[in-house]
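K.L.:
Number of protein chains: 2
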Amino acid sequence: MSALPSLRQLRYLLALAEHLNFTRAAEASFVSQSALSTGLKELEATLGVRLVERDRHSVALTAVGDEVVARARQVLAAAADLSEYASDASRPLQGQLRLGVVPTIAPFVLPRVMPALRAQFPRLRLALREDLTVHLLERLRKRQLDFVLIALPFETDDLRVLPLYKDKFWLVGLEQDPAITGRAIQISRQWTERLLLLEEGHCLRDHALQACRASEVASVDGIEATSLLTLVQMVASGMGVALLPEMAIRSRLLDHLSLKARPLAAPAPERVIALVTRSTSAHMTEFEAIARVVIDHQESEYP
Amino acid sequence: MSALPSLRQLRYLLALAEHLNFTRAAEASFVSQSALSTGLKELEATLGVRLVERDRHSVALTAVGDEVVARARQVLAAAADLSEYASDASRPLQGQLRLGVVPTIAPFVLPRVMPALRAQFPRLRLALREDLTVHLLERLRKRQLDFVLIALPFETDDLRVLPLYKDKFWLVGLEQDPAITGRAIQISRQWTERLLLLEEGHCLRDHALQACRASEVASVDGIEATSLLTLVQMVASGMGVALLPEMAIRSRLLDHLSLKARPLAAPAPERVIALVTRSTSAHMTEFEAIARVVIDHQESEYP
DNA sequence: CAAAGTTATCTATAAAATCGATATCCATCC
DNA sequence: GGATGGATATCGATTTTATAGATAACTTTG
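See below:
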């Protein structure tokens with residue numbers, strides 16, 4: 005078996021992959037251009053394969069280089085997590101951690117979970133970030149976040165995913181909407197054609213489409229909502245119906261809006277709330293603890 | 005954030021964890037004892053934490069040390085996989101790979117799968133190893149195996165698990181056994197009390213017990229079989245009944261034995277055949293390819 | 001065709017890892 | 001109690017590795 009590359013060499017490779025320029029990559033790594041150049045040359049020698057094409061005037065990764073970069077990221081992240089774990093090991097459940105939450109979960113989960121966490125782990129500081137799933141997962145991989153609370157199904161490849169609980173979708177429309185009758189609603193053209201959606205990028209949009217077994221819905225005049233709040237407002241002004249997660253309904257989002265909400269007939273489509281972290285995260289203790297608290301503090305008020 | 009440890013230091017730590025003796029760990033790492041000693045001291049300095057207790061006359065890992073060792077293993081395995089990937093990248097689907105298969109799967113899957121693999125990838129050499137699940141997974145983690153074919157459910161934490169297909173359990177007993185009647189058998193005391201099992205360690209034993217919703221079964225005179233073949237022979241000599249995977253039945257294991265086999269009533273207990281590898285494996289292409297072939301060559305003969 | 005920008009290479013130097021020898025510690029044996 | 005064997009830590013010298021700075025070679029741009 006060939007010798008292992010050094011972590012330093014892998015760092016150089018990442019810097020180069022980011023800047024695609026030896027000089028600037030060297031600056032970013034706080035070494036001279038020549039150091040980075042020889043470092044990379046050695047890396048290619050140890051691996052016995054060309055990682056970057058330096059033809060003409062531009063630097064580009066080879067196909068193998070691309071994959072090696074991805075793997076190098078993992079190796080370095082795991083090493084950094086090891087280091088972080090070791091430094092923090094003596095004092096768990098305190099210090100600052102960074103939690104990302106998707107906008108279609110945050111407003112319904114955080115108001116209950118955050119106070120509970122503060123009460124249970126007074127020395128734990130959680131920095132919050134609200135963003136789309138893809139962005140959160142990207143930051144998680146880059147070690148800019150420690151945990152992420154999202155809704156499955158979602159592609160999470162090599163991450164540690166802990167499903168917490170299910171969250172069914174309900175149909176929401178005007179009180180007088182004739183398509184919304186009975187105790188449980190069947191999927192029907194009567195309302196899927198009037199389905200309002202969040203704009204592209206929100207997982208809830210995709211989940212709603214999956215629920216209707218449609219990849220495309222003729223969105224009403226091409227208008228899409230930018231948040232659950234605006235989505236509800238659009239329903240309230242009679243533009244159509246929407247599929248909302250049960251946790252949103254239970255949070256009294258619809259109060260004073262002359263809307264009605266009904267569960268969907270079995271098998272009711274649902275999303276799964278899950279907590280995600282890197283599989284090498286330094287904070288598995290906190291991960292488990294937060295998961296526990298989120299599970300124990302689900303919305304329980306009925307509308 | 006603190007600096008990263010070097011891979012060399014992590015290797016020293018692993019050697020020390022294995023030998024629990026600086027001198028011998030140094031020998032195993034082909035360096036002098038002083039090199040390993042200072043290397044380890046530096047590692048503890050970078051991480052800012054004590055990893056080994058050197059009190060009295062013996063060396064022992066601290067709690068943090070234990071976890072760091074586990075993480076170091078991952079980091080080094082990922083780095084080695086990166087290296088292996090890069091070296092092999094130019095020529096996939098050839099060369100030697102090592103596949104582990106559990107004894108309760110191997111005889112029914114390999115006779116079909118191996119020829120198919122040879123036909124499809126003539127330049128791929130597969131070294132085979134038959135062993136219990138725990139041993140196979142251990143070897144997989146140590147990079148002594150590349151892929152492992154096992155039956156779920158099984159604890160596989162950070163490994164990459166690809167479920168392939170389901171394999172239902174059938175009840176097998178003497179042809180004249182009165183407990184085996186009708187088209188689908190219910191779970192009943194009538195036969196669970198006479199259930200014969202493989203010896204401790206075989207996943208099939210645990211799966212059979214789960215199927216009967218019992219953690220303990222009064223094994224007949226404490227006698228347990230060491231392989232599926234001997235298990236069947238024990239059933240044939242009237243010692244009791246057994247739960248066998250459908251793939252075993254389909255493989256004509258029972259021919260000429262005056263035994264009968266019946267499926268269990270829904271929800272029929274089943275195991276899931278799965279292919280497993282390290283999440284950082286250098287051979288994802290081959291992993292997918294082998295998975296495909298295994299799926300495409302299930303047993304299809306009915307008994 | 002010069003200017004600006006890029007990467008590779010060379011040399012000297014600085015940093016690190018390593019070795020071999022030795023100091024130190026500790027349990028045990030006599 | 002003192003010698004002994006087996007262990008780890010430390011020291012100084014040496015080798016190996018990484019780095020900076022200068023420069024060459026090359027490309028694109030103006």
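Here the protein sequences come in this chain order: A and B.
Just so we're aligned, residue 5 is where the first sequence starts under my numbering, counting upward by one.
Just so we're aligned, residue 5 is where the second sequence starts under my numbering, counting upward by one.
We treat Cβ as the ideally placed atom computed from N, Cα and C, and that holds for glycine.
Note down, one range per segment and in chain order, each alpha helix (DSSP H) of at least 4 residues found wholly within the region 161–212 of chain B.
P.N.:
Entirely contained in the region 161–212 of chain B, the alpha helix (DSSP H) runs reaching 4 residues are, in chain order, 193–196.
K.L.:
Identify whether residue 307 (chain A) lies in helix, strand or coil by the three-state DSSP scheme.
P.N.:
Confidence at residue 307 (chain A) is low in this model, with a pLDDT of 42, below 50, so its placement is unreliable and the value that follows should be read with caution. Correct three-state label for residue 307 (chain A): coil.
K.L.:
Quick check: is the beta carbon of residue 50 (chain B) nearer than 9 Å to any beta carbon in chain A?
P.N.:
It does; some Cβ of chain A falls within 9 Å.
K.L.:
Please report how far the alpha carbon of residue 206 (chain A) lies from the alpha carbon of residue 176 (chain A), in whole angstroms.
P.N.:
Approximately 18 Å between the Cα atoms of the pair.
K.L.:
Ignore the nearest five residues each way along the sequence and tell me which others in residue 204 (chain B)'s own chain have a CB closer than 8 Å to its CB.
P.N.:
These residues qualify, in order along the chain: 228.
K.L.:
Looking at C-alpha atoms only, which residue of B:210, B:188 and B:183 is the closest neighbour of residue 197 (chain B)?
P.N.:
The shortest Cα separation from residue 197 (chain B) among B:210, B:188 and B:183 belongs to B:183.
K.L.:
Would you list the residues sitting across from residue 128 (chain A) in a DSSP beta bridge?
P.N.:
Residue 128 (chain A) is bridged to A:99.
K.L.:
Which parts of the region 8–74 of chain A are runs of the alpha helix (DSSP H), unbroken and 4 residues or longer, counting only runs that do not cross its ends?
P.N.:
If we require 4 residues or more, the alpha helix (DSSP H) runs fully inside the region 8–74 of chain A come out as 11–23, 26–32 and 37–51.
K.L.:
Opposite residue 146 (chain A) in the DSSP bridges: which residues?
P.N.:
DSSP output for residue 146 (chain A) lists no bridge partner at all.
K.L.:
DSSP on residue 277 (chain A), reduced to helix/strand/coil?
P.N.:
Residue state, collapsed to three classes: strand.
K.L.:
To the nearest angstrom, report how far apart residue 165 (chain B) and residue 178 (chain A) are at their CA atoms.
P.N.:
Near 46 Å, if we compare the C-alpha coordinates of residue 178 (chain A) and residue 165 (chain B).
K.L.:
My understanding is that residue 155 (chain B) touches residue 106 (chain B), with C-beta atoms under 8 Å, so please give their C-beta distance in whole angstroms.
P.N.:
Yes, residue 155 (chain B) and residue 106 (chain B) are in contact; Cβ-Cβ is about 6 Å, under 8 Å.
K.L.:
Does at least one heavy atom of the ligand ADP sit under 8 Å from the Cβ of residue 292 (chain A)?
P.N.:
With respect to the ligand ADP, the structure offers nothing, as it holds no ligand at all.
K.L.:
Taking only beta-carbon atoms, is residue 100 (chain B) less than 9 Å away from chain A?
P.N.:
With 9 Å as the cut-off, residue 100 (chain B) does not count as an interface residue toward chain A.
K.L.:
Please classify residue 260 (chain B) as buried or exposed, where buried requires at least 16 other C-beta atoms within 10 Å of its C-beta.
P.N.:
Residue 260 (chain B) should be labelled exposed.
K.L.:
Run through chain B and tell me which residues come within less than 9 Å of residue 157 (chain A), C-beta to C-beta.
P.N.:
None at all; the shortest Cβ gap to chain B is about 16 Å.
K.L.:
Thinking C-beta only, is residue 89 (chain A) closer than 9 Å to residue 287 (chain A)?
P.N.:
Their beta carbons are under 9 Å apart, which means residue 287 (chain A) touches residue 89 (chain A) by this criterion.
K.L.:
For the beta strand (DSSP E) containing residue 233 (chain A), list its first residue and its last residue.
P.N.:
Not the beta strand (DSSP E): residue 233 (chain A) falls in the alpha helix (DSSP H), residues 232–240.
K.L.:
Using the Cα positions of residue 148 (chain A) and residue 290 (chain A), report the straight-line distance between them to the nearest angstrom.
P.N.:
So the two alpha carbons sit approximately 16 Å from each other.
K.L.:
For residue 306 (chain A), which residues of its own chain have a beta-carbon under 8 Å away from its beta-carbon, when the five flanking residues on both sides are left out?
P.N.:
Bear in mind that a pLDDT of 49 at residue 306 (chain A), under 50, signals an unreliable position, so the number given afterwards is only what the model happens to contain. Here the set comprises 254.
K.L.:
Assign residue 117 (chain A) to one of two classes, buried (16 or more other C-beta atoms within 10 Å of its C-beta) or exposed (fewer than that).
P.N.:
The residue in question, residue 117 (chain A), is buried, as its Cβ has 16 or more Cβ neighbours within 10 Å.
K.L.:
What would DSSP say about residue 117 (chain A), mapped onto helix, strand or coil?
P.N.:
Here residue 117 (chain A) sits in helix by DSSP.
K.L.:
Using a Cβ-Cβ distance under 9 Å, would residue 89 (chain A) count as near chain B?
P.N.:
Yes, residue 89 (chain A) counts as interfacial toward chain B.
K.L.:
Which residues of the region 24–52 of chain A have a Cβ closer than 8 Å to any Cβ of chain B? Give them in chain order.
P.N.:
Going along the region 24–52 of chain A in chain order, one finds 50, 51 and 52 with a Cβ nearer than 8 Å to chain B.
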